[in-house]
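Right, one structure below, let's go through it.
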Amino acid sequence: MGEAMERKALVLFSGGQDSATCLAWALDRYAYVETIGFHSGQRHAVDLECRQVVLDRLKVQFPAWASRLGSDHMLDLALLGQISDTALTQDQEIAFKASDLPPTFVPGRNLLFFTFASAIAYRRGLTVLVGGMCETDYSGYPDCRDNTLKAMQLAMSLGLDAPMLVETPLMWLDKAQTWELAERLGGAALVEMIRTETHTCYLGDHTHLHRWGYGCGHCPACELRRNGYEAYAQPEAA
Ligand code: ZN
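Count along the sequence shown from 1, add 38, and you get the number used in our numbering.
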């Protein structure tokens, strides 16, 4: 049992594939793990339902992890709606269009999420923050970048005067490798649980079950998830 196991972690858990894989990664690695989710009023209620189902299923199906999984925290960040409702200036409208960002984009949202998470972590005696951010299938969000999060780690550790380690186990993985990581951590049972119980679709479609999970099948999140799963499930013939 290494030094990592003695630390206690807080996982930013949205109910999606990436954060569910991160949660399993943290449960495999740390002695104690809590979860935090953010209700921003922008996402669909299905995300929140998936969170609870995944937490329940992890406890039932993975007894070794159940004893390490502690409280779940939900923060209401409805005020993010006030930011996305703020009209863009004309110049910014042009910049958003050029960068493919949706007009509802909240700049630096992950910085806010980590700041709130660090405040909860401090109060709960947790010293590691785990997030599913990834540079490989780059989302275009600069607050998901490795250097951004390293800077956040330093700012939070200084500002709280307490060690606050930021871990992003998916940072350099592609979506197929994220499935492989899930398989390594929890075998076929975890892959199946993530496939059928996590939610990624931007449109909140949780009625159509595909080989790669639920979703509309057309939005960018569904496309990314489908391509990743196909690459994972059908490796090139040897
Ligand atoms: Zn979709």
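In this text, a Cβ means the ideal position worked out from N, Cα and C, and glycines have one as well.
query                                                                                                                                                                    : result
Can you list every residue whose CB sits closer than 7 Å to some heavy atom of ligand 1, going in chain order?                                                           : CYS239, TYR240, LEU241, ASP243, GLY253, CYS254, GLY255, HIS256, CYS257, ALA259, CYS260
Kindly indicate which three-state DSSP category LEU211 falls into: helix, strand or coil?                                                                                : coil
My parser needs the alpha helix (DSSP H) runs of 4 or more residues fully inside the segment 188–240; what are they?                                                     : 213–235
Evaluate LEU164 with the Cβ neighbour count: other Cβ atoms within 10 Å of its Cβ, from every protein chain shown; 16 or more gives buried, anything less gives exposed. : buried
Look at the alpha carbon of ALA276 and the alpha carbon of LEU117, and state the distance between them as a whole number of angstroms.                                   : With a pLDDT of only 49 at ALA276, under 50, the local geometry of the prediction cannot be trusted, and the value read off the model is given with reservation. If I take the Cα positions, the gap works out to 52 Å.
Report yes if the C-beta distance between LEU223 and ALA62 is below 8 Å; otherwise report no.                                                                            : yes
Please go through the segment 53–89 and give each complete beta strand (DSSP E) segment of 3 or more residues, from N-terminal end onward.                               : 70–77
Report back the beta-carbon spacing between MET202 and ALA159 to the nearest angstrom; my notes put them in contact at under 8 Å.                                        : 7 Å
With which residues is HIS111 paired in a DSSP beta bridge?                                                                                                              : ILE74
If the criterion is Cβ atoms closer than 8 Å, does the pair TYR68 and ARG95 meet it?                                                                                     : no
On the criterion of 16 or more Cβ atoms from any shown chain inside 10 Å, does ALA155 qualify as buried, or is it exposed?                                               : buried
Compute the Euclidean distance between the alpha carbons of TYR240 and ARG89, then round it to the nearest angstrom.                                                     : 16 Å
Looking only at DSSP bridge pairs, what is HIS248 linked to?                                                                                                             : GLY251
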